[in-house]
Amino acid sequence: MLEITNLVKRYGQNEPVLKGLNLKVKGSSVVSIVGASGAGKSTLLRCINRLVEPTSGSIKLNDHELVNLRGSELRHARRRIGMVFQGFNLIDRLTVMENVLSGRLGYVSFFQALTRRFPQSDIDRAFSLMERVGIAHYADKRADQLSGGERQRVAVVRALMQEPEILLADEPTASLDPKTSQQIMSLLQSLASEMSLPVLINIHNVTQARMYTDRIVGMRHGQMIFDGEPKDFNQDALDAIYGGIESPEEDAGEPASPTEEASA
Amino acid sequence: MTSGRTASDAKSGRVWKKPPFIANPWIRYGLAVIVLAYLYWAFSTLPFDWQRIAEGLPRAGKIFGGAFPPSFERAELLWTGFKESFQIAFLATLLGVLLSVPIAVMAARNVAPLPVYLLGRTLIIVSRSFHPVIVAILFVAAVGFGPMAGILTLTLYSIGFVAKLLAEEIEEIDWGQVEAMRSVGAGYMKILVYGVFPQIMPRQIGLSMYQLDSNLRASAVVGIVGAGGIGGTLMNAFGRYDYDFAFAILLMIIAIILVSEGLSGWVRKKVW
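Residue numbers (our numbering), protein chains in the order written: chain A, 1 to 264; chain B, 1001 to 1272.
Right, here's the structure in full:
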């Protein structure tokens, strides 16, 4: 279970990006986080695995506090949090297999990592996961020779190699064509239920959020303004989240005024 | 279509000129005036002794005359000299490239903390600040005549060049791959091996090949001040007015540089 309490993130002296956010994710539900650019979705996900340092608040994964972890404690916590990125972030010049096995880097010794001598159990797991998502035949291909959808599958498998307790996906389909992005979404959905894994997905595509996830969280200006099932996510919610959006550069400095939103 | 064309033609007559490179006209023309004035001053104060230049020309002609045809009679000596130059260049490249990797990591702002970064940059600046010939003179004084001084000189020379360019390459890597490695829980060294080194690998190989090339050339030069290799042989040949032998050496140097240039170009194209 993921439990976020009163999470605040402020970059420098600017207006906080996250303003006291609370979120609970139980069991193996697929949660999509929607919101305009600059609403703080990415920052939220990155606070969870501490790619971004939260300013204050608490993040607990299965009752382990993640904020304030340092050094090897932090690395051990990160092993249990898988992440999938918009730009895939594969190691382009390494093979698909090396990329998949890099998901085990938190578990193996430096020498094993350097010489690619991963334990047999890791290699078995890698092959079975790659077969599950249909990329096993690419094992020895270089990652940059794959298509976008295939590369995102590699990234998903890399994250699953970590044996994660939660999977974070930061706009996993934004760089993909519509058909491929549906495939990736349904893959995430079915993997979540197969492995009883909670999944948090940042997503721009509201239709896909409705179709593939169990719960939708709407964010605006660093706050959660909608939380419910896809069937409750109606036009009003959509307007509240996206309506009257000024460009993020403009509203960064001044506080958002509700009248402007209503008039737009 | 034709009517659209005439409509746009009717609007012609508007002039467009490329905006000047330096916007301020005072600075633009001022700079030109300063450069011209400096050139005039430099040429009028430097002593150009036309008579000595005139006397030198036939002497140069005599040297070139003596150089023809090049003599490969002392092939033994030629071979020993080149073998030593090769060894110097090879070892120095290997050592220099190996040492330049950690120094480049130290000197890349995005992967090194500030104090380490400053240390790394200092190391690079120190090894870059002197021409190899000056460094060779120092090392010959320190460790004596011979290839040892040459190896040390060119190692330092290689570090200065390779580490600097490699550090810049590290600063320009795709940070997403590093973030991905951080997010799986990898430590610093594992992040370097997976997230950083694969990205700079082609550049590293290209630089190493280029540096081997460059060290071959430089090893001939540092030999002149006594740091071993073909340079010493060349210097002796000049000293004893064996211009034909010296010319043979020069021809060999050109041939070897050509071969290594071609080879390194081919290797760099193969790696991407």
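Virtual Cβ for every residue (Gly too), placed ideally from N, Cα, C.
What is the residue span of the alpha helix (DSSP H) that Ile48/A lies within? Locating residue 48/A in the first sequence gives position 48, counting from the first residue. Looking at the DSSP string, the run of the alpha helix (DSSP H) that includes Ile48/A is 41-48.
With a Cβ-Cβ cutoff of 8 Å, do Gly20/A and Gly218/A count as a contact? Within the first sequence, the letter at position 20 stands for residue 20/A. Within the first sequence, the letter at position 218 stands for residue 218/A. The Cβ atoms of Gly20/A and Gly218/A lie no closer than 8 Å to each other.
Which chain A residues sit within Cβ distance under 8 Å of Gly1195/B? Stepping through the second sequence from its first residue, residue 1195/B is reached at position 195. Within chain A, the residues near Gly1195/B are Ile91.
Within the chosen definition, does the stretch 1230-1243 of chain B reach the stretch 1184-1195 of chain B through at least 3 CB pairs nearer than 8 Å? The stretch 1230-1243 of chain B makes no contact with the stretch 1184-1195 of chain B: fewer than 3 CB pairs, one atom from each, lie closer than 8 Å.
For chain B, is any of its Cβ atoms less than 8 Å away from the one on Asn62/A? Taking the first sequence and counting its residues from 1, the one referred to as residue 62/A is at position 62. For Asn62/A, not one C-beta of chain B is nearer than 8 Å to its own C-beta.
What does the Cβ neighbour count give for Tyr107/A, buried or exposed, with the cut at 16 atoms within 10 Å? Position 107 of the first sequence, counted from the start, is the residue given in the question as residue 107/A. By the C-beta density criterion, Tyr107/A is buried, having at least 16 other C-beta atoms within 10 angstroms.
Simplified DSSP assignment, three categories, for Ala169/A: On the first sequence, residue 169/A is found 169 positions in, with the first residue counted as 1. Secondary structure of Ala169/A (DSSP, three-state): strand.
Are there three or more Cβ pairs, one per stretch, closer than 8 Å when the stretch 145-158 of chain A is compared with the stretch 90-107 of chain A? Touching, per the Cβ criterion.
Simplified DSSP state of Ser121/A, which is helix, strand or coil: Numbered from 1 along the first sequence, position 121 holds the residue referred to as residue 121/A. The three-state reading of DSSP puts Ser121/A in helix, counting H, G and I together.
Residues of chain B with CB closer than 8 Å to the CB of Phe118/A, please, in chain order. Translated into the one-based positions of the first sequence, residue 118/A becomes position 118. Residues of chain B passing the Cβ test: none, with the nearest at roughly 12 Å.
At a Cβ threshold of 8 Å, is Ala1092/B touching chain A? Taking the second sequence and counting its residues from 1, one reaches residue 1092/B at position 92. For Ala1092/B, no CB of chain A lies under 8 Å from its own CB, so it is not counted at the interface with that chain.
Could you have a look at Val100/A and say whether DSSP puts it in helix, strand or coil? Here residue 100/A refers to the residue found at position 100 when the first sequence is read from its first residue. It is helical.
Residues of chain C with a CB under 8 Å from the CB of Glu1179/B: which are they? The structure shown contains no chain C; the protein chains it does contain are A and B.
Please report the residue range of the alpha helix (DSSP H) in which Thr1122/B lies. Along the second sequence, read from residue 1 onward, the residue named residue 1122/B stands at position 122. Element bounds for Thr1122/B: 1114-1128.
For the stretch 1219-1229 of chain B against the stretch 1042-1060 of chain B, are there 3 or more C-beta pairs whose distance is under 8 Å? Per the Cβ contact rule, the stretch 1219-1229 of chain B is not in contact with the stretch 1042-1060 of chain B (fewer than 3 Cβ pairs under 8 Å).
Give me the Cα-Cα distance between Met185/A and Leu176/A, rounded to the nearest whole angstrom. The sequence position of residue 185/A within the first sequence is 185, counting from 1. The sequence position of residue 176/A within the first sequence is 176, counting from 1. Cα-Cα distance, rounded: 11 Å.
Evaluate Phe1043/B with the Cβ neighbour count: other Cβ atoms within 10 Å of its Cβ, from every protein chain shown; 16 or more gives buried, anything less gives exposed. Position 43 of the second sequence, counted from the first residue, corresponds to residue 1043/B. When all chains shown are included, Phe1043/B counts as exposed.
Is there contact between the stretch 216-231 of chain A and the stretch 24-42 of chain A, where contact requires at least three CB pairs shorter than 8 Å? Taking 8 Å as the limit for Cβ pairs, the verdict is that the stretch 24-42 of chain A does touch the stretch 216-231 of chain A.
Residue range of the unbroken beta strand (DSSP E) whose run includes Met83/A: What you label residue 83/A is simply residue 83 of the first sequence in a count that begins at 1. Secondary structure note for Met83/A: its beta strand (DSSP E) is the uninterrupted segment 81-84.
Proximity of Gly149/A and Thr180/A at Cβ, strictly below 8 Å: Numbered from 1 along the first sequence, position 149 holds the residue referred to as residue 149/A. Numbered from 1 along the first sequence, position 180 holds the residue referred to as residue 180/A. For Gly149/A and Thr180/A, yes; Cβs fall inside 8 Å.
Does chain A have any CB closer than 8 Å to the CB of Val1116/B? As a position in the second sequence, residue 1116/B is number 116, starting the count at 1. No, no contact with chain A.
Could you spell out the range, first to last residue, of the beta strand (DSSP E) harbouring Asp227/A? Reading the first sequence from its first residue, position 227 is the one you call residue 227/A. 223-228 is the extent of the beta strand (DSSP E) around Asp227/A.
What residue range is occupied by the uninterrupted beta strand (DSSP E) comprising Ile201/A? To locate residue 201/A, count along the first sequence from 1; it is residue 201. Bounds of the beta strand (DSSP E) holding Ile201/A are 199-202.
Determine, using beta carbons only, whether Ser42/A and Asn234/A come nearer to each other than 8 Å. Here the question's residue 42/A lines up with position 42 in the first sequence. Here the question's residue 234/A lines up with position 234 in the first sequence. No. Outside cutoff.
Report yes if the CB atom of Gly57/A is closer than 8 Å to the CB atom of Asn6/A, and no otherwise. Counting from one through the first sequence, the residue named residue 57/A turns up at place 57. Counting from one through the first sequence, the residue named residue 6/A turns up at place 6. For Gly57/A and Asn6/A, yes; Cβs fall inside 8 Å.
According to DSSP, simplified to helix, strand and coil, what is Ile1257/B? What you label residue 1257/B is simply residue 257 of the second sequence in a count that begins at 1. In the three-state reduction of the DSSP assignment, Ile1257/B falls in the helix class.
Chain B contact residues for Arg151/A, given Cβ-Cβ distances below 9 Å: As a working note, residue 151/A is residue 151 in the first sequence. Within chain B, no residue comes near Arg151/A; the closest Cβ sits about 12 Å away, beyond 9 Å.
Can you find a C-beta in chain B that's less than 8 Å from the C-beta of Gln162/A? Working through the first sequence from its first residue, we reach residue 162/A at position 162. It does; some Cβ of chain B falls within 8 Å.
Hey, is the stretch 1154-1172 of chain B in contact with the stretch 1121-1129 of chain B, meaning 3+ C-beta pairs nearer than 8 Å? The stretch 1154-1172 of chain B vs the stretch 1121-1129 of chain B: in contact.
Under 8 Å between C-beta atoms of Ser28/A and Pro198/A: Mapped onto the first sequence, residue 28/A falls at position 28. Mapped onto the first sequence, residue 198/A falls at position 198. With contacts defined as CB atoms closer than 8 Å, Ser28/A and Pro198/A qualify as a contacting pair.
Determine the chain B residues that contact Leu69/A at a beta-carbon separation under 8 Å, and present them in chain order. Taking the first sequence and counting its residues from 1, the one referred to as residue 69/A is at position 69. In chain order: nothing, as chain B lies at least about 11 Å away.
Asn49/A and Gly1176/B - do their beta-carbons sit closer together than 8 Å? Taking the second sequence and counting its residues from 1, one reaches residue 1176/B at position 176. Taking the first sequence and counting its residues from 1, one reaches residue 49/A at position 49. Not closer than 8 Å, so no.
Would you mind reading off the limits of the alpha helix (DSSP H) that contains Ser1219/B? Within the second sequence, numbered from 1, the residue matching residue 1219/B stands at position 219. For Ser1219/B, the enclosing alpha helix (DSSP H) starts and ends at 1197-1224.
Could you tell me whether the Cβ atoms of Ile1200/B and Val1267/B are closer together than 8 Å? In the second sequence, counting from the first residue as 1, residue 1200/B sits at position 200. In the second sequence, counting from the first residue as 1, residue 1267/B sits at position 267. No; because the gap between Cβ atoms is not below 8 Å, this pair is not in contact.
Mind pulling the chain B residues with CB within less than 8 Å of Arg142/A? For this step, residue 142/A is matched to residue 142 along the first sequence. Residues of chain B passing the Cβ test: none, with the nearest at roughly 10 Å.
Proximity winner among Val1105/B, Pro1070/B, Ala1112/B, relative to Ile1249/B (alpha-carbon distances): Sequence index remark: in the second sequence, residue 1249/B carries index 249 (1-based). Out of Val1105/B, Pro1070/B, Ala1112/B, Pro1070/B has the C-alpha closest to the C-alpha of Ile1249/B.
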